[in-house]
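Counting from 1, one number per residue, gives the positions in the sequence shown under the UniProt record's numbering.
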Amino acid sequence: MSTIDDIFADYLGRSDGADLDSDMFLEEILLAPTALLPADEANAPARKKPKRRLKTELDYLRAKCSDLQDELRALEGRVTVPSLSIWEARATEQALAARRATQENAQLKQALEEQLKLIQVLERAFRKIPRLSAFPLTSEGWRHARLSASDRSTDATALLAHQLTKLESEWIRHSLHTKEDKRKVWVQGNSQGDVGLVMHFVNSHAWAIDYEQLADIYWEYIVAQIPADFSTPVHLEVLEQWAPNLVYTRYQAQDAAKQFPVFEGRTVTQRYDQVGRIAFVWRSILDDDGRPFDPNHARDNQSGWAVIEPESPTRARFSIYFTLTPPILPAAHLGWPQFPIGAFTDTVTSIFMANSAKFVVALEAQVAKRTRAIANE
1 MSTIDDIFAD YLGRSDGADL DSDMFLEEIL LAPTALLPAD EANAPARKKP KRRLKTELDY
61 LRAKCSDLQD ELRALEGRVT VPSLSIWEAR ATEQALAARR ATQENAQLKQ ALEEQLKLIQ
121 VLERAFRKIP RLSAFPLTSE GWRHARLSAS DRSTDATALL AHQLTKLESE WIRHSLHTKE
181 DKRKVWVQGN SQGDVGLVMH FVNSHAWAID YEQLADIYWE YIVAQIPADF STPVHLEVLE
241 QWAPNLVYTR YQAQDAAKQF PVFEGRTVTQ RYDQVGRIAF VWRSILDDDG RPFDPNHARD
301 NQSGWAVIEP ESPTRARFSI YFTLTPPILP AAHLGWPQFP IGAFTDTVTS IFMANSAKFV
361 VALEAQVAKR TRAIANE
């Protein structure tokens, strides 16, 4: 019987240039009979052969495989695998091109709608307007915002017809034809104090009411039928009304300390019911032969336009633009103090803005009242 030394010798003899399996060699040693062991070990009780922990190893490998699969799926999710199909690539390109075309069509449609709005405004501007010579004028005083003692309504009509010809160009200049919400106030002038200063006011806002009803409410305010709680007390009255749509009004206001002269504004206003909209035009009267101004009063000087048009059967847009210049002051020999430098840009403008906000509040109250009345009918 071979001993362990014989087994090793035989193994080493065969290992010259041979590809031997070390596992087979270990197996031969494990299978050697107990007689090969020393006497004391041979007579010892048989030891329990160690068990291989294959299950533990398999569990480890399964866990490792699972982790690698999860990592692979994560990588696949981040990496876009290019399509091998030329048709699929073409379909993707066509889908992207269709999306771009849809966006470009929407932009072109918006631009076209804006151009159509501009064309409509220009069409109104170039529409033939009755010549002012058609009016039987007795004087040319209306050109200087002056009313004669006779034919006063004719003077007012000619003055406002001239103002109406400017409406479309002002709407384009201040982008009111776009029918977008806006509000802007600015003072334009030069370095010569308040001389030559002009305050511009632009506002456009939508109201939840029929446009004709909103126009009626605004006209009621013009003819002093709707009071407004102004921050500076204002007395408003109708001096003359020559037609249902043509009126001559006056307002007066003065500072609480009565340090400065009464501020008086006389205005002729006409309402024009046109196709698809209602326009209002006004201009300050600076001289009146039939109703002379008090020489101690400062005279207002403004001109403006307002348009109310429908956005839907229950929604109207109210757009307004007007200019305001420094008042015409009383003669120096009457003893009134001069307005301080900056009074127009600071005091007069701030008072106007405060009163404008009060007007909006009064108009909102009337719109809400009219809306409730319609809902209860």
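Ideal Cβ placement from N, Cα and C applies to all residues, glycine included.
Nothing here was measured: the structure is a model prediction, and the numbers come from that model.
Three-state secondary structure (DSSP) of residue i
i: Gly290; result: coil
i: Asn376; result: helix
i: Trp171; result: helix
i: Glu180; result: coil
i: Pro189; result: Going by the sequence as given, residue 189 is Gly instead of Pro. Gly189: coil per DSSP, three-state reduction.
i: Ser66; result: helix
i: Val360; result: helix
i: Trp219; result: helix
i: Leu246; result: strand
i: Val367; result: helix
i: Thr157; result: helix
i: Ser204; result: strand
i: residue 435; result: The requested residue 435 does not occur in the structure, where the chain is confined to residues 1 to 377.
i: Ile119; result: helix
i: Leu197; result: coil
i: Gln94; result: helix
i: Glu140; result: coil
i: Thr328; result: Reading the sequence as shown, one finds Ile at residue 328 and not Thr. Of the three classes helix, strand and coil, the one that applies to Ile328 here is strand, per DSSP.
i: Lys166; result: coil
i: Asp229; result: coil
i: Ile209; result: coil
i: Asp151; result: coil
i: Lys258; result: coil
i: Ala224; result: coil
Within 7 Å, strictly: CB atoms of residue i and residue j
i: Arg291; j: Glu264; result: no
i: Ser204; j: Asp181; result: yes
i: Tyr321; j: Glu170; result: yes
i: Thr349; j: Val198; result: no
i: Gln302; j: Ser319; result: no
i: Val367; j: Ile226; result: no
i: Val281; j: Gln270; result: yes
i: Lys358; j: Ala228; result: yes
i: Ser148; j: Asp289; result: yes
i: Ala156; j: Val268; result: yes
i: Ala206; j: Arg315; result: yes
i: Thr232; j: Ile351; result: yes
i: Arg266; j: Lys179; result: no
Residue i versus residue j - alpha carbon distance
i: residue 385; j: Ser66; result: Since the first residue of the chain shown is 1 and the last is 377, residue 385 is not available in this structure.
i: His177; j: Gln259; result: 43 Å
i: His200; j: Ile222; result: 20 Å
i: Leu334; j: Val262; result: 13 Å
i: Gln254; j: Gln103; result: 58 Å
i: Leu118; j: His235; result: 40 Å
i: Leu112; j: His162; result: 32 Å
i: Phe220; j: Leu214; result: Here residue 220 turns out to be Glu, not Phe, going by the sequence shown. The alpha-carbon atoms of Glu220 and Leu214 are separated by roughly 10 Å.
i: Ile129; j: Arg99; result: Its pLDDT being 49, under 50, Ile129 is placed unreliably by the model, and the measurement read from it follows with that caveat. Answer to the nearest angstrom: the Cα atoms are 47 Å apart.
i: Ala145; j: Ala158; result: 10 Å
i: residue 440; j: Leu167; result: Residue 440 falls outside the range modelled here, since the chain spans only 1 to 377, and no answer is possible.
i: Pro295; j: Ala256; result: 20 Å
i: Ala74; j: Ala106; result: 39 Å
i: Ile217; j: Glu93; result: 57 Å
i: Glu140; j: Val238; result: 24 Å
i: Ile86; j: Lys184; result: 57 Å
i: Ala95; j: Ala101; result: 10 Å
i: Gly196; j: Leu108; result: 43 Å
i: residue 378; j: Glu212; result: Because residue 378 is not part of the residues shown, which for the chain are 1 to 377, the question remains open.
i: Arg78; j: Arg62; result: 25 Å
i: Ala373; j: Val202; result: 31 Å
i: Gln69; j: Lys55; result: 21 Å
i: Gln252; j: Ile328; result: 14 Å
i: Val360; j: Val187; result: 21 Å
i: Gly189; j: Phe293; result: 27 Å
i: Glu364; j: Ser356; result: 12 Å
i: Leu286; j: Lys369; result: 36 Å
i: Ile341; j: Asn376; result: 54 Å
i: Trp242; j: Gln338; result: 37 Å
Per DSSP, the bridge partner or partners of residue i
i: Gly265; result: Tyr251
i: Tyr272; result: Ala279
i: Phe339; result: DSSP, once it has assigned bridges, lists no residue as partnering Phe339.
i: Gly304; result: Trp282 and Phe322
i: Ala298; result: Phe263
i: Arg146; result: Asp287
i: Asn310; result: Before going on, a small fix: residue 310 reads as Pro here, not Asn. DSSP output for Pro310 lists Ala316 as bridge partner(s).
i: Glu237; result: Arg250
Closer than 7 Å to chain C by CB, residue i
i: Asp229; result: The structure shown contains no chain C, having only a single protein chain.
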